[in-house]
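Counting in my numbering, the sequence shown runs from 2 upward without gaps.
Yeah, the Cβ is synthetic: ideal placement off N, Cα and C, and Gly gets one too.
Being a predicted model, the structure only gives us computed values, none of them experimental.
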Amino acid sequence: MTTLVAKTDGSPSAPAKVRAGARRAKRRRTVLFFMAPAFLGFLIFFGYPLIATVYYSFTRYDLINPPQFIGFDNYVRMFTSEPLVGTAAYNTLWLVVVLTVCRVVFSLGIASVISRLKSGVGLVRTLCYLPTLAPPAAATLAFVFVFNPEFGPVNRFLRLVGIDGGLWFNSPAMSKPALTLLALWGSGELMIIILAALLDVPAEQYEAAELDGAGPVRRFWHVTLPSISPVLLFGVVNSIIYALQFFTQAIVAASASAGTADVAGNSKLIGAPQNSTLTYPIWLYVQGFRYFNMGYAAAMAVLLFIVSSGFTWILVRQLRKSQHQEEGA
């Protein structure tokens, strides 16, 4: 008589493997089901517009006649025969450098002061965040009034103390610094993020550094900055993208300072004074929605997307490299 002996080496049987595979497939279907709306929204609201923009950048298109393929003519025109593109690019790059540095340093400074308060942190944090809730157009109109050369409160105060106030938004030399001050007005969101990172730094690290004889500057440089460097990188990337997309404040400030904006802040004058507030997004808007050169505007948009993506990639890569060096040390 033959006796059948079952294997007992612990390996799963065929039915168990089938059941495990079915469970994994069910989990995958569930994950895909819940991801589908977000993925579909990404394709509709980002993927398709991006592909369409790249396509139209190689065409001559005015919203009325069918697109006509013209190859790289729009890009050639942008770099060879469009002088205001250079002006707009210079103004935007100026804002990218100056505004980014000022915005990150200003937010870090305010957050550092708030983090050292013994009481009232919540109230001060709320007050610093409130300006970000103001609509950009309304905040710009108020800012232009405050910095009005004739009757603005800032210049009135400066005259009282014997200082001749500047022309601010009415001066080609001071318009971009004035726009930078306007951008700092809405830095509360970045300040809140940096403040959260500062409060999250372990107190033990500060105590250990103090025991080693480190003063306030060394503690900030060797403890605080390395701990919040990812958040600061986010602030730099966020500020660069913010500067590259600088539109509403510049277009409203130009027309409001020249007295040509209506009660809603709608712009009727572009880039005043003397194109000093003409940013790249504003010139893109003018080409697309005033001159209806949609193909050319699409080429400008593609270039802006490439530049902003390049800035982001370089900064993220640099942060990862520095983190690997610190871990290796």
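| request: Give the secondary structure of Q246 by DSSP, where H, G and I count as helix, E and B as strand, and everything else as coil. | output: If you number the sequence shown from 1, residue 246 lands on position 245. In this structure, Q246 counts as coil in the three-state DSSP scheme.
| query | Among all the DSSP beta bridges, which residues are the ones paired with R61? | reply | Taking the first residue of the sequence shown as 1, we reach residue 61 at position 60. According to DSSP, which records beta bridges pairwise, R61 is partnered with Q69.
| message | Looking at the secondary structure, which residues open and close the alpha helix (DSSP H) in which F290 lies? | response | On the sequence shown, residue 290 is found 289 positions in, with the first residue counted as 1. Where F290 is concerned, the enclosing alpha helix (DSSP H) starts and stops at Y281 to F290.
| task | Closer than 6 Å by C-beta to A257: which residues in its own chain qualify, once you throw out the five before and the five after it? Chain order, please. | result | The residue you call residue 257 lines up with position 256 of the sequence shown. Cβ neighbours of A257 beyond the five flanking positions: L142 and V145.
| query | Once you ignore the five residues that flank S120 on each side, which residues in its own chain have a CB closer than 6 Å to its CB? | reply | Taking the sequence shown and counting its residues from 1, the one referred to as residue 120 is at position 119. Annotation for S120: no residue places its beta carbon closer than 6 Å to its own, counting only its chain and skipping 5 residues before and after.
| Same chain, Cβ closer than 7 Å to V147, neighbours up to 5 away in sequence not counted | The residue given as residue 147 occupies position 146 in the sequence shown. Within the same chain, V147 has close Cβ partners G153, P154 and V155.
| Burial state of V86 (16 or more Cβ within 10 Å) | Position 85 of the sequence shown, counting from 1, holds the residue named residue 86. V86 should be labelled buried.
| request: Decide if the region 190–197 is in contact with the region 94–113; the criterion is three or more beta carbon pairs, one per stretch, under 8 Å apart. | output: Touching, per the Cβ criterion.
| task | Spatial neighbours of G167 within its chain, please: CB distance less than 6 Å, with the 5 preceding and 5 following residues excluded, ordered by chain position. | result | Residue 167 sits at position 166 when you count from the first residue of the sequence shown. Excluding residues up to 5 positions away in sequence, M175 lie with their Cβ nearer than 6 Å to the Cβ of G167 in the same chain.
| task | Find the nearest neighbour of P67 within the set I229, F59 and D74, judged by alpha-carbon distance. | result | By one-based count along the sequence shown, residue 67 stands at place 66. Nearest option by C-alpha distance: F59.
| CA nearest to the CA of P203, picked from G289, T225 and D213 | Working through the sequence shown from its first residue, we reach residue 203 at position 202. Of the listed residues, the one whose Cα sits closest to P203 is T225.
| task | Within the same chain, show all residues whose beta-carbon is closer than 7 Å to that of V232, passing over the 5 residues directly before and after it, in chain order. | result | Against the sequence shown, residue 232 aligns to sequence position 231. If the five residues before and after V232 are omitted, its C-beta is found closer than 7 Å to the C-beta atoms of I194, I195 and A198, all from its own chain and listed in chain order.
| message | Rounded to whole angstroms, what is the Cα-Cα separation between P16 and G22? | response | Taking the sequence shown and counting its residues from 1, the one referred to as residue 16 is at position 15. Taking the sequence shown and counting its residues from 1, the one referred to as residue 22 is at position 21. P16 and G22 have their C-alpha atoms spaced approximately 10 Å apart.
| message | I believe N171 touches P274 by the beta-carbon criterion, under 8 Å. Please report the beta-carbon distance rounded to the nearest angstrom. | response | On the sequence shown, residue 171 is found 170 positions in, with the first residue counted as 1. On the sequence shown, residue 274 is found 273 positions in, with the first residue counted as 1. Correct: roughly 6 Å between the Cβ atoms.
| Does DSSP classify A298 as helix, strand or coil? | Along the sequence shown, one-based indexing puts residue 298 at 297. Helix, per DSSP.
| field | Where D201 sits in the DSSP three-state scheme | value | Here residue 201 refers to the residue found at position 200 of the sequence shown. Looking at D201 - three-state DSSP - the assignment turns out to be coil, as it is neither helix nor strand.
| When L200, T81, A89 and F293 are compared against T280, the one with the closest alpha-carbon | Along the sequence shown, read from residue 1 onward, the residue named residue 280 stands at position 279. Answer by Cα proximity: A89.
| query | Run through DSSP, which three-state label would A273 get? | reply | Residue numbering aside, residue 273 sits at position 272 when the sequence shown is read from its first letter. In the structure shown, A273 sits in coil (DSSP, three-state: anything other than H, G, I, E or B).
| message | To the nearest angstrom, how far is the alpha carbon of A300 from that of Q288? | response | Stepping through the sequence shown from its first residue, residue 300 is reached at position 299. Stepping through the sequence shown from its first residue, residue 288 is reached at position 287. Cα to Cα, A300 sits roughly 11 Å from Q288.
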